[in-house]
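So the sequence shown is numbered by full-length UniProt numbering: it starts at 1 and just counts up by one.
A quick write-up on the structure given underneath.
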Amino acid sequence: MLPISDPFYPRLKEILEANYDAGIVLDLERLEGVSTSPRSPQMFYDRHIMPSLVLQNVVYLPSITQSLSKACDNAIQGFLHDGHKLSSNGYVFSRNTRSKEFRDAHSVSFYYGEYIARICHAFASKVCLHPQCDTWKSVFKFTERPTGQPFDFTTQSWLEVTTRRLDGSLSLHDDLQNCLPDATKTKILDLSRKFPRLATWHMFAMTDAAMSMFQTMKEGAAFIWQYSHTMGAVSMSHKQPPPDAKHALSFLPLKAPTKAKPRQPLPPTKRSVKSKLVTPTKFAVKRNRYRPDFRHFLQSAWANAAMYDSTYIILNCGRYERIGIRHRESQTLYLSGLIDTVNIQDPRYRKLHLGLHVAIVKDALERQERVNARNVGQKHSSEHLEEEETTDFTQRKKNCQSKLHEPHRISEELARRQLALVSLDYGAFRSYVPSSFSRVAPSCAPGLSEEAGKHKMKAKYRCHEYISLTLKEPLGRGAVGVVHPVMLELVLESGEIMTQDFTFKLAFSVEQMEKLYHEFQIYQQLSKQEDVEGIVTVHGLFKDQESRTLAMLMSDGGVSLRRREMERSGDAVQVVTTSEEKDSFLRALNSIHRAGIRHHDIRADNLLVNSDGQVFIIDFDCADNNVYDDKIEQELICMNAVLEGRYQEKNYYP
Numbered sequence: 001m002l003p004i005s006d007p008f009y010p011r012l013k014e015i016l017e018a019n020y021d022a023g024i025v026l027d028l029e030r031l032e033g034v035s036t037s038p039r040s041p042q043m044f045y046d047r048h049i050m051p052s053l054v055l056q057n058v059v060y061l062p063s064i065t066q067s068l069s070k071a072c073d074n075a076i077q078g079f080l081h082d083g084h085k086l087s088s089n090g091y092v093f094s095r096n097t098r099s100k101e102f103r104d105a106h107s108v109s110f111y112y113g114e115y116i117a118r119i120c121h122a123f124a125s126k127v128c129l130h131p132q133c134d135t136w137k138s139v140f141k142f143t144e145r146p147t148g149q150p151f152d153f154t155t156q157s158w159l160e161v162t163t164r165r166l167d168g169s170l171s172l173h174d175d176l177q178n179c180l181p182d183a184t185k186t187k188i189l190d191l192s193r194k195f196p197r198l199a200t201w202h203m204f205a206m207t208d209a210a211m212s213m214f215q216t217m218k219e220g221a222a223f224i225w226q227y228s229h230t231m232g233a234v235s236m237s238h239k240q241p242p243p244d245a246k247h248a249l250s251f252l253p254l255k256a257p258t259k260a261k262p263r264q265p266l267p268p269t270k271r272s273v274k275s276k277l278v279t280p281t282k283f284a285v286k287r288n289r290y291r292p293d294f295r296h297f298l299q300s301a302w303a304n305a306a307m308y309d310s311t312y313i314i315l316n317c318g319r320y321e322r323i324g325i326r327h328r329e330s331q332t333l334y335l336s337g338l339i340d341t342v343n344i345q346d347p348r349y350r351k352l353h354l355g356l357h358v359a360i361v362k363d364a365l366e367r368q369e370r371v372n373a374r375n376v377g378q379k380h381s382s383e384h385l386e387e388e389e390t391t392d393f394t395q396r397k398k399n400c401q402s403k404l405h406e407p408h409r410i411s412e413e414l415a416r417r418q419l420a421l422v423s424l425d426y427g428a429f430r431s432y433v434p435s436s437f438s439r440v441a442p443s444c445a446p447g448l449s450e451e452a453g454k455h456k457m458k459a460k461y462r463c464h465e466y467i468s469l470t471l472k473e474p475l476g477r478g479a480v481g482v483v484h485p486v487m488l489e490l491v492l493e494s495g496e497i498m499t500q501d502f503t504f505k506l507a508f509s510v511e512q513m514e515k516l517y518h519e520f521q522i523y524q525q526l527s528k529q530e531d532v533e534g535i536v537t538v539h540g541l542f543k544d545q546e547s548r549t550l551a552m553l554m555s556d557g558g559v560s561l562r563r564r565e566m567e568r569s570g571d572a573v574q575v576v577t578t579s580e581e582k583d584s585f586l587r588a589l590n591s592i593h594r595a596g597i598r599h600h601d602i603r604a605d606n607l608l609v610n611s612d613g614q615v616f617i618i619d620f621d622c623a624d625n626n627v628y629d630d631k632i633e634q635e636l637i638c639m640n641a642v643l644e645g646r647y648q649e650k651n652y653y654p
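Put into structure tokens, the structure is as follows:
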């Protein structure tokens, strides 16, 4: 360690000896009249993690804190041993923690980011990546998921490399830009692409419910992952998990425990579907109040880590914390003992997290080397877990010998089917069991809106009676939810298989569902009008019977002008269109106005062009019936500005 005579010694002492202030409390006064009851964290996506990546064991390992404390000591000693010095140049961090009234999970996250994360990731950046640079600027940032809610029981934060949003390039301070060699910059950029979230934090409001939940987990046990409960349609897939770091996780007792037997039999290496009769899940009984279960939050946290291939999972409610380490090969979560952020002594809290951040970075760097070594000579990168694997999605397209069918025939088949079996097939997602989505609103296809009423829900379905949907990586996320491209498959009674590309929009929260239902009603209204151009066909609303996720099935409208421009030029601030496209978009918008609808959100993201040159206007969640002349004129001005490359955001809809 530093000698007392070193100029930086007082600051290092302040860093290493800091705990959370004893004055942290829950701000009950500001929460008066606001519901603080937690909601289940189990998401639709969690049920679709591939079996080889799900959590199977939880091991209670109190020694994690001592191991991370030692990682801090070793990092400082190694830094000094190599002849580097800790300098005050650019050191601008909060020295001491302060008292704080926490409102919800976001204020817990902000406090951690301000007093712990900023100095800790700067320290890890310095000792692991640029010890030669006399700066405290960091190549990392601590990012929090935004919210618009009055109270959030939990939220997510994560550590990531600082990159620019538009093109994904590094965003480094001049101190680092001028100091780092090109090879190190390339390495850091590669790190950001392979591991977009180096570690994940799940922050909780400091309520009695959260603190009680943190205190109850004391022993390790086999973990039963919650899949969908659809019966008769098992879609099995297996792939080797990404590599673990060896040296960086050498302190884990990896030979113990023995791997627990999964609830389902281990899947084969190739996917197979056997479904003579499918029994959809019944709608879950909605309880008046959710009882917090730490296992549910562990599944959600593990699923999130699997999505981004993170190793470290931190759960923090302000006063208490647990640190988890995800071991991929054994599908085990090693979980620390209860960490009291105010009273922890050996180590103190900020020293513990200095060691944690160093461990996070070293783990990621080692895994980066292992992945790169494995990929030498291979054409495909391992980014987002997309390795050289022939998936069921592409294999089925080759083997089913199905031809694309005329849209009306597919629309007729879709309109009468009441059940959609939804699977995921991308990244960490390879559905073991599909989710059951039941139809809750009819098709908007012309002449088919009454078809759904002729067919009732049944207890069991044959393969020619349901819709099969395979979701691929999302196209985008917005105020309404998440939009996926999807391969639709319909089996006919004759055995013929029809396939087609579609789009599936998922809404999760109450607010998102309300917006999606409003959008569906707009499509319904437009579909009943004659001579409306440029709208995609909507084939109904469906609802997941377990997670209650609402979804809208739509025909594929092609690529957005924004995405097309990004692929063309790498810059999509403005877009370029042909004269034919301009005429088509304006004609479509005018027809929508004549039908009594104002879109109210015209921008390049919502204007699509398909491979045949057809244009479509999408995303009617903001639409209304305000078709007065001045409103219509303003929307046409907006459309022309987009199409002519002079669009200015927020200038058109006051």
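Where a beta carbon is used, it is the ideal one built from N, C-alpha and C, also for glycine.
This structure is a prediction, so every number in the text was calculated from the model and none was measured.
For Q500, the uninterrupted beta strand (DSSP E) run begins and ends at I497 to A507, by DSSP. Counting along the chain, A22 sits inside no alpha helix (DSSP H), nor does DSSP assign it H or E at all.
Look at S555 here: in three-state DSSP terms it is strand. Residue range D629 to L643 is occupied by the alpha helix (DSSP H) that includes N640. If only uninterrupted beta strand (DSSP E) runs of at least 3 residues are considered, those enclosed by the stretch 401–472 are 419–426, 435–441 and 466–471. As computed with DSSP, R477 is found in a beta bridge with V482.
With 16 or more other Cβ atoms inside 10 Å of its own Cβ, V361 counts as buried. Under the 10 Å beta carbon count, V34 is surrounded by fewer than 16 other beta carbons and is classified as exposed.
Between P41 and T200, the C-beta spacing is not below 9 Å. Taking the Cα of W158 as reference, the smallest distance to any Cα among H357, I76 and H173 is reached at H357.
Shown here, F123 sits in a helix according to DSSP, grouped into three states.
For D175, the secondary structure class from DSSP, reduced to helix, strand or coil, is helix. A Cβ-Cβ distance of about 7 Å is found for the pair S438 and P280, placing them in contact under the 8 Å criterion. Assigned with DSSP and collapsed to three states, I602 falls in coil, not helix or strand. Its chain contains A420, F437, R439 and A551 as the residues whose beta carbon lies nearer than 6 Å to that of F542, once the 5 sequence neighbours on both sides are disregarded; these appear in chain order. Cβ-Cβ distances below 7 Å link S300 to P41, Q42, M43 and D46 in the same chain, with the five nearest sequence neighbours on each side left out; the list follows chain order. In this structure the stretch 309–328 does not touch the stretch 76–84; the number of beta carbon pairs closer than 8 Å is below three. Taking a cut-off of 8 Å on C-beta distances, the stretch 513–530 touches the stretch 593–604, as three or more cross pairs fall below it. DSSP places Y312 in the uninterrupted beta strand (DSSP E) bounded by Y312 to N316. D621 has its alpha-carbon roughly 6 Å from the corresponding atom of H518. D340 carries a strand assignment under DSSP once its states are collapsed to helix, strand and coil. Per the C-alpha coordinates, the member of F123, Q149 and C463 positioned closest to H106 is Q149. Per DSSP, the unbroken alpha helix (DSSP H) holding A105 starts and ends at A105 to Y112.
At the C-beta level, V482 and P474 come within 9 Å of one another.
DSSP, read as helix, strand or coil, puts Q77 in helix.
Between G476 and K70, the CB-CB gap reaches or exceeds 9 Å. In the three-state reduction of the DSSP assignment, Y60 falls in the strand class. In the DSSP annotation of this structure, F620 is not part of any alpha helix (DSSP H), being labelled neither H nor E. The beta carbon of E101 sits closer than 6 Å to those of V25 and D27, all from its chain and outside the five residues before and after it, given in chain order. C179 and R328 have their C-alpha atoms some 36 Å from each other. Taking each of A303, Q368 and V642 in turn and checking the Cα distance to P51, the smallest one comes out for A303.
The residue from Y115, E580 and I188 with its alpha-carbon nearest to that of E369 is I188. Closest in C-alpha terms to F585, from the list I314, Y112 and A641, comes A641.
In this structure, G645 lies away from L589, with their beta-carbon atoms at least 9 Å apart. By the CB criterion at 9 Å, L424 and T470 fall inside the cutoff. Within the stretch 203–228, the complete alpha helix (DSSP H) segments at least 4 residues long are 208–216, listed from N- to C-terminus.
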